[in-house]
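Worksheet for the structure shown next.
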Amino acid sequence: MSTPSDLRTRKRLATRRAITLAADRLFRERGFEHVTVDEIAAAADVGRMTVFNHFPRKEDMFFDRDEEGREILREALRQRDPAISPIETLRRLAHRLVEEQAPFVQFSAGSQEFIETVERSETLKARARAIRDELAGVVAAGLAECTGRGTDDPAAHLAAGMLLSIWSVAFIEAHKTFRRDRNPKEARAAFLALVDQGTIGIKAAMAGTPYA
């Protein structure tokens with residue numbers, strides 16, 4: 002039998018899911034900038050404050066997998082094999098996510114529509130840049146934690162900044178490849194090739210640190 006806590010959790014997740022589904026549908030139909038929070042609340046059959054309880058900003062409804070992505074990065078570093086360097090662990094994570102066809106690294110008509118929506122909105126582009134910077138902070142903290150260094154270690158922040166820059170370029174170029182050829186396999190290969198190439202550079206730059 003479910004405990005009251007389990008029931009509350011399921012209800013909360015169901016409400017959050019209803020909000021994201023309604024928001025996604027409206028964003029696709031009318032564009033992000035032309036949809037209000039009140040309209041999303043009405044479409045999800047919840048109150049305005051309920052929406053804000055789940056998503057502090059309208060942009061967060063668009064990037065609704067943001068926290069999931071952060072946790073994947075944290076867990077990869079927390080659970081890494083001590084025989085494998087943190088930077089190599091994250092390179093292998095990229096390959097695993099592609100192999101599993103994780104939503105973060107899908108290159109398809111649906112993901113292309115997602116990218117085009119971002120490109121049409123200055124608000125979403127600004128939030129995407131902010132998320133990239135926040136992810137760099139998550140990675141820096143994870144690198145420091147898994148090697149026993151302080152979170153203010155400049156080498157950890159340097160490695161994290163380079164890694165996020167490389168993954169961002171790889172992601173953008175892979176979508177360009179898909180846009181041109183409409184071939185998901187080639188797009189995935191382009192993404193991983195750039196991640197691999199960039200990782201070589203990070204390892205060289207971080208030589209002599211516990212991150213490489």
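By the count of the numbering used here, the sequence shown reaches residue 213 at its end, each step adding exactly one.
Even glycine gets a Cβ: it sits at the ideal position worked out from N, Cα and C.
Considering just the uninterrupted stretch of the alpha helix (DSSP H) at residue i, what are its terminal residues?
| i | result |
| --- | --- |
| Thr-124 | 123-148 |
| Asn-54 | 49-55 |
| Met-62 | 59-63 |
| Ala-160 | 155-182 |
| Ile-73 | 67-79 |
| His-254 | Coverage of the chain is limited to positions 2 through 213, which leaves residue 254 absent and any answer about it impossible. |
| Val-38 | 38-45 |
| Phe-192 | 185-206 |
State buried or exposed for residue i, treating a residue as buried only when at least 16 other CB atoms are found within 10 Å of its CB.
| i | result |
| --- | --- |
| Thr-21 | buried |
| Ala-194 | exposed |
| Ser-210 | Per the sequence presented here, residue 210 reads as Thr, with Ser not at that position. Buried, since its Cβ has 16 or more Cβ neighbours within 10 Å. |
| Thr-178 | buried |
| Thr-37 | exposed |
| Lys-59 | buried |
| Ser-97 | This sequence places Arg at residue 97; Ser is not what is there. Looking at its Cβ environment, which holds fewer than 16 other Cβ atoms inside 10 Å, Arg-97 is exposed. |
| His-55 | buried |
| Arg-121 | exposed |
| Gly-1 | What the structure shows of the chain is the stretch from 2 to 213, and residue 1 is not part of that stretch, so it cannot be assessed. |
| Leu-125 | buried |
| Gly-149 | exposed |
| Arg-183 | exposed |
| Arg-81 | buried |
| Arg-189 | buried |
| Arg-180 | exposed |
Excluding the 5 residues preceding and the 5 following residue i in the sequence, name in chain order all residues of the same chain whose CB lies nearer than 8 Å to its CB.
| i | result |
| --- | --- |
| Gly-151 | Ala-145 |
| Gly-202 | Met-163 and Ile-167 |
| Val-47 | Thr-16, Ala-19 and Ile-20 |
| Leu-74 | Leu-91, Leu-94, Leu-136, Val-139, Val-140 and Gly-143 |
Go through its chain and collect everything with a Cβ distance to residue i's Cβ below 6 Å, but skip five positions before and after it.
| i | result |
| --- | --- |
| Ala-141 | Ala-157, His-158 and Ala-161 |
| Leu-136 | Leu-165 |
| Tyr-212 | Pro-87, Ile-88, Leu-144 and Ala-160 |
Under 7 Å Cβ to Cβ from residue i, same chain only, skipping five residues before and after it: list those, please.
| i | result |
| --- | --- |
| Ser-109 | Pro-185 |
| Pro-104 | Arg-66 |
| Arg-49 | Val-38, Asp-39 and Ala-42 |
Checklist entry - Contact between the segment 173-188 and the segment 112-121: three or more CB pairs below 8 Å? => result At 8 Å Cβ cutoff, the stretches touch.
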